[in-house]
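Taken in order, these protein sequences are the chains called A and B.
Per our numbering, the first sequence starts with residue 5, numbered consecutively.
Per our numbering, the second sequence starts with residue 11, numbered consecutively.
Beta carbons are placed, not taken as given, at the ideal position from N, Cα and C, and that holds for glycine.
Please read these numbers as outputs of a predicted model, since none were measured by experiment.
Have a look at the structure below before the remarks.
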Amino acid sequence: MAATVEIDEANGAGETLTHNISNTNMGSTDAVNLDPVANPITPGNRTYIKYQKIHVTAMGGSSKIDNLKIWRTGALGTGGTHTHVTNARTAAYGGALAYATPVDTAVSGVDQTIPTSEPGSANLGISGSLSGSLTGTGSSDYLGHQITTDGSATAGSTSTMNYQYDETA
Amino acid sequence: MKHICNPCGGEFDTEEEYIDHTCEKSGTTPADPENLVKTTTPNFFYISEKALERGAEREEE
Chain A
5 MAATVEIDEA NGAGETLTHN ISNTNMGSTD AVNLDPVANP ITPGNRTYIK YQKIHVTAMG
65 GSSKIDNLKI WRTGALGTGG THTHVTNART AAYGGALAYA TPVDTAVSGV DQTIPTSEPG
125 SANLGISGSL SGSLTGTGSS DYLGHQITTD GSATAGSTST MNYQYDETA
Chain B
11 MKHICNPCGG EFDTEEEYID HTCEKSGTTP ADPENLVKTT TPNFFYISEK ALERGAEREE
71 E
């Protein structure tokens with residue numbers, strides 16, 4: 005047996021938490037598993053921020069989950085300069101990101117360009133610390149991430165979010 | 011906070027109730043790795059194996 009680990013996303017003013025999400029599509033509305041075609045981003049605007057976390061629903065006999073790493077692979081799109089920003093970072097981590105109703109404007113602390121390859125060390129914390137760990141059921145800090153576009157952006161891009169953890173038997 | 015099971019749409023008042031429920035899509039609870047395999051993450055056992063390998067490597071260091 006091994007730990008069971010899912011990705012969750014929070015939405016709405018009341019922090020509704022959807023467990024075991026299917027995708028992390030980004031767009032112009034605050035919704036889980038959103039349809040990006042129906043909710044496109046107007047060039048020059050930001051997507052709504054995503055608040056997601058890594059959730060251990062069972063340890064399965066393992067003793068520890070830690071070393072959480074988040075990165076994105078694939079291009080963000082053409083026609084302009086776009087940035088995918090996050091609170092995840094390997095240094096000067098700002099502690100656990102507090103949930104707030106998702107917005108399509110800048111969010112304090114969510115300003116680090118998300119890595120495009122595996123970071124050398126943890127960049128998402130547990131209990132506010134990059135060296136934190138889970139020894140039972142529980143969740144990581146919130147991962148906040150948002151894409152910013154400029155006025156020259158053209159429609160459509162697909163990239164992959166990577167969520168990684170280490171598990172000690 | 012309301013908890014929703016993405017695969018089956020079930021709604022729960024607490025995380026414990028969510029983890030204990032049997033998902034109508036998978037026939038298992040969210041605590042069972044098969045729940046992930048049958049719903050959103052068909053390669054979960056491979057992901058889990060790699061996570062254990064990384065953990066073992068760090069233990070040896």
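Residues of chain B whose Cβ lies closer than 9 angstroms to the Cβ of S26 (chain A) are, in chain order, N16, P17, T49 and T50. At a C-beta separation below 9 angstroms, Y28 (chain B) has these neighbours in chain A: L21, H23 and T61.
Just so you know, the alpha carbons of N43 (chain A) and S32 (chain A) end up roughly 5 angstroms apart. When only Cα atoms are considered, R50 (chain A) and A41 (chain B) end up about 36 angstroms apart. DSSP, read as helix, strand or coil, puts S58 (chain B) in helix. Between L72 (chain A) and I118 (chain A), the beta carbon gap of about 14 angstroms keeps them out of contact (Cβ cut-off 8 angstroms). The Cβ atoms of Y52 (chain A) and D108 (chain A) sit closer than 8 angstroms to each other. Using a Cβ-Cβ cut-off of 8 angstroms, Y97 (chain A) does not count as an interface residue toward chain B, since no Cβ of chain B sits closer than that to its own. Less than 8 angstroms divides the Cβ of I58 (chain A) from the Cβ of V9 (chain A).
Counted as a single uninterrupted DSSP element, the stretch harbouring I29 (chain B) is not any beta strand (DSSP E) but the alpha helix (DSSP H) occupying residues E25 to D30. Using beta-carbon distances, G37 (chain B) does not count as an interface residue toward chain A, since no partner is under 8 angstroms.
With a threshold of 8 angstroms between beta carbons, E70 (chain B) makes no contact with chain A.
The closest CA to that of Y169 (chain A), considering only B:G37, B:E70 and B:Y56, is found on B:Y56. Exclusion of the five residues before and after N16 (chain B) leaves no residue of its chain whose Cβ lies closer than 6 angstroms to its Cβ. Under DSSP, K73 (chain A) shares a beta bridge with A:Q168.
The beta-carbon of G124 (chain A) is placed no less than 8 angstroms from the nearest beta-carbon of chain B. Proximity to I14 (chain B) across A:A6, A:A104, A:M5 and A:G16 peaks at A:G16, based on C-alpha coordinates. Using a Cβ-Cβ cut-off of 7 angstroms, H13 (chain B) is close to L21 and H23 of chain A, given in chain order. Here DSSP, grouped into helix, strand and coil, assigns A62 (chain A) to strand. By the beta-carbon neighbour count (other beta carbons within 10 angstroms, threshold 16), D145 (chain A) is buried. Proximity of the segment 75-93 of chain A to the segment 148-157 of chain A meets the contact definition, three or more beta-carbon pairs being nearer than 8 angstroms.
The segment 74-82 of chain A and the segment 16-26 of chain B do not touch, with fewer than three beta-carbon pairs separated by less than 8 angstroms. Residues of chain A with a Cβ closer than 7 angstroms to the Cβ of D23 (chain B) do not exist, since the nearest Cβ in that chain sits about 11 angstroms away.
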